[in-house]
Amino acid sequence: MFAFKLILPILIPLKSPRQRLMAKDATHNRRNFVRQLGGLAGMLSLAPGLPAFADEKKFLVPTTAPGEDVTEKEDYWGFIQQAYSVSPNIINLNNGGVSPQPTVVQNALDRYNRLSNEAPTYYMWRSLDEGRESVRMKLADLAGCSPEEIAINRNASEALETIIFGLNLQKGDEVVLTKQDYPNVINAWKQREKREGIVLKFINLDLPIEDNQLIVRKYKEAFTAGTKVVMITHMVNWSGQILPAAQISRAAKKHNPAIQVVIDGAHSFAQLTYKIPDLEGDYFGASLHKWLCSPFGTGMLYIKQARIKDIWPLLAPEDPQSPDIRKFERLGTRSFPAEMAIGHAINFHNTIGDERKQKRLHYLKNYWVEKCLNIPGFSTITSLKPQFSGAIATFAIKGLTPGEVATELFKRARIHTSATVWENISGVRITPHLYTPLKDLDRLVNTIQLIAKENTGAANRNSLK
Ligand SMILES: Cc1ncc(COP(=O)(O)O)c(C=O)c1O
43 MFAFKLILPI
53 LIPLKSPRQR
63 LMAKDATHNR
73 RNFVRQLGGL
83 AGMLSLAPGL
93 PAFADEKKFL
103 VPTTAPGEDV
113 TEKEDYWGFI
123 QQAYSVSPNI
133 INLNNGGVSP
143 QPTVVQNALD
153 RYNRLSNEAP
163 TYYMWRSLDE
173 GRESVRMKLA
183 DLAGCSPEEI
193 AINRNASEAL
203 ETIIFGLNLQ
213 KGDEVVLTKQ
223 DYPNVINAWK
233 QREKREGIVL
243 KFINLDLPIE
253 DNQLIVRKYK
263 EAFTAGTKVV
273 MITHMVNWSG
283 QILPAAQISR
293 AAKKHNPAIQ
303 VVIDGAHSFA
313 QLTYKIPDLE
323 GDYFGASLHK
333 WLCSPFGTGM
343 LYIKQARIKD
353 IWPLLAPEDP
363 QSPDIRKFER
373 LGTRSFPAEM
383 AIGHAINFHN
393 TIGDERKQKR
403 LHYLKNYWVE
413 KCLNIPGFST
423 ITSLKPQFSG
433 AIATFAIKGL
443 TPGEVATELF
453 KRARIHTSAT
463 VWENISGVRI
473 TPHLYTPLKD
483 LDRLVNTIQL
493 IAKENTGAAN
503 RNSLK
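So this note's numbering is basically just the index in the sequence shown, starting at one, shifted up by 42.
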């Protein structure tokens with residue numbers, strides 16, 4: 043339980059690190075119910091040799107008992123909402139595309155950027171570049187693997203295409219993937235098919251599927267003696283379906299231990315509770331600007347240690363066959379400030395905790411979908427069960443195209459969504475985030491109801507003509 047009437051002002055302007063610490067201690071001693079988001083670690087510079095930065099503005103979150111279930115405690119989430127600077131004028135329900143950063147992350151990015159501008163090559167190459175090792179360690183901790191298996195890059199596309207183009211494959215070698223994989227991933231495989239004659243074996247998933255055995259069976263049916271690689275999207279972006287990555291990986295390795303498994307974790311990383319090695323893949327790519335809320339243009343590549351030497355980097359280092367994961371970081375000049383601010387996003391994520399985050403996101407999704415299920419003409423291709431879905435859900439209204447529905451949502455209620463038409467998928471994708479208040483989802487439900495009702499009315503009038 044937490045006492046909200048005593049909550050301090052959310053923003054604490056502090057002048058120096060010492061004053062901040064004193065104020066923090068005083069806060070703790072006087073009222074032992076709040077703690078500073080990000081904690082002390084968030085105040086320290088990640089790059090050796092740099093002055094320790096202090097966030098000018100810290101947010102407070104209520105202290106909760108270990109293991110306390112806060113899924114439906116709106117007062118707790120109200121504090122998390124205040125940690126973001128999202129527009130009060132647009133209801134952003136396309137967080138699956140890119141997520142906003144909490145202000146502590148924006149502030150960190152801003153400070154690193156200002157510092158870099160004092161002497162770009164000095165601060166970026168001598169100081170911030172060294173700080174990448176600290177970020178690597180924090181990411182490895184979050185991912186449950188060795189820092190020697192993590193490369194920091196710009197997004198999931200870059201991570202996954204590094205693997206797709208870096209694997210040693212011969213003409214005729216087969217890759218098993220699905221029609222519901224991400225377009226950049228499919229395009230990269232198709233380019234190899236065109237240039238080198240590898241063979242793509244597509245599975246078609248009829249979503250939603252609430253039977254993991256059925257999904258594994260579909261993959262197994264596509265395996266042959268020529269299968270060299272299996273591609274798995276851990277969470278399908280079109281509908282939010284969670285695929286049983288570990289079970290598929292195990293089935294592939296059982297079929298032939300030499301098969302290599304590539305996992306697209308763009309949507310599952312920092313949304314679902316797991317460690318990368320749990321998925322039993324060889325390679326994993328994720329965007330950090332989605333569910334981790336890191337700066338835009340930050341991503342991560344994981345490669346199982348024994349595999350690193352055999353993957354050719356996209357941008358060549360001195361020794362492309364080195365077993366050092368850092369060979370994938372020869373990107374040239376990139377945003378060092380963005381990379382450094384990843385550490386602050388991890389602090390923010392850890393302050394909430396991944397289990398709480400997953401439960402809340404699933405709750406938000408079910409909150410609005412369950413209210414819509416009895417609206418005439420409404421349908422969804424997303425499961426409501428937590429083992430098959432998280433924050434994302436995709437719906438349709440009979441008789442309207444996804445584009446028409448998305449346009450109406452924005453026109454009538456300033457609700458920003460994503461209209462999706464891809465292969466066998468046609469609908470509007472809704473992705474709330476931790477900062478989404480229930481009243482915004484109520485507005486979504488009411489607007490869907492209105493659109494569906496008017497559409498049914500119009501259809502009835504037309505049928506009488
Ligand atoms: C499943 C999946 N994989 C990969 C990506 C690519 O992510 P990025 O744009 O960060 O490269 C996305 C982006 O939406 C995605 O949904």
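The beta-carbon is built from N, C-alpha and C at its ideal position, and this holds for glycine as well.
Asked                                                                                                                                                                       : Found
To the nearest whole angstrom, what separates the beta carbons of R471 and T436, a pair I think is in contact under 8 Å?                                                    : 5 Å
If you compare alpha carbons, which of R456, L181 and L209 is closest to P362?                                                                                              : L209
Could you pull the DSSP bridge partners for G341 from this structure?                                                                                                       : N195 and S329
From V463 to G469, what does the alpha carbon distance come to, in whole angstroms?                                                                                         : 7 Å
CA-CA distance, E191 and A182?                                                                                                                                              : 8 Å
For ligand 1, is there a heavy atom less than 6 Å away from the beta-carbon of S188?                                                                                        : no
Can you tell me whether DSSP reads V411 as helix, strand or coil?                                                                                                           : helix
Any idea which residues DSSP pairs W119 with across the strands?                                                                                                            : Bridge partners of W119: none, in fact.
Considering just the uninterrupted stretch of the alpha helix (DSSP H) at G441, what are its terminal residues?                                                             : First-last for G441: undefined, no H or E at that position.
Apart from the five residues on each side of it in sequence, which residues of its chain come closer than 8 Å, Cβ to Cβ, to E322?                                           : A287, A288, S291, R292, K295 and V303
Please name the residue, chosen from E172, Q255, M273 and D324, that lies closest to V217 on a Cα-to-Cα basis.                                                              : M273
With three or more C-beta pairs closer than 8 Å as the rule, is the stretch 331-350 touching the stretch 376-393?                                                           : yes
Return the CA-CA distance between L343 and S425, expressed in angstroms with no decimal places.                                                                             : 29 Å
Count the other C-beta atoms from every protein chain shown that fall within 10 angstroms of the C-beta of A89, then say buried if there are 16 or more, exposed otherwise. : Confidence at A89 is low in this model, with a pLDDT of 46, below 50, so the placement of that residue is unreliable and no value is reported for it.
Comparing the CB of E198 with every heavy atom of ligand 1, is any distance shorter than 6 Å?                                                                               : It is Ala, not Glu, that sits at residue 198 in the sequence shown. Yes, since a heavy atom of ligand 1 falls inside the 6 Å radius drawn around the Cβ of A198.
Within its chain, find whatever has a CB closer than 6 Å to the CB of I251; leave out the 5 residues flanking it on each side and keep chain order.                         : I257
Entirely within the stretch 188-271 and at least 3 residues each: give me those beta strand (DSSP E) ranges in chain order.                                                 : 192-195, 216-220 and 241-245
Can you give me the Cβ contacts of N408 inside the same chain, cut-off strictly under 7 Å, excluding the 5 residues immediately before and after it?                        : L426
Please state whether the Cβ-Cβ distance between T459 and L135 is less than 7 Å.                                                                                             : yes
Does at least one heavy atom of ligand 1 sit under 6 Å from the Cβ of A230?                                                                                                 : no
State the start and end residues of the unbroken beta strand (DSSP E) segment that holds A468.                                                                              : The displayed chain sequence assigns Ser, not Ala, to residue 468. Taken as a continuous stretch (DSSP letters only), the beta strand (DSSP E) holding S468 covers I467 to I472.
Looking at V278 and Q313, is the spacing between their C-beta atoms short of 7 Å?                                                                                           : no
Can you give me the start and stop residues for the beta strand (DSSP E) that I305 sits inside?                                                                             : Q302 to D306
Should R237 go down as buried or exposed, given a rule of 16 or more other Cβ atoms within 10 Å for buried?                                                                 : exposed
Just to confirm my understanding: we take E371, look at its own chain, exclude 5 residues before and 5 after, and list those with CB closer than 8 Å. What are they?        : R174, A193, I194 and N195
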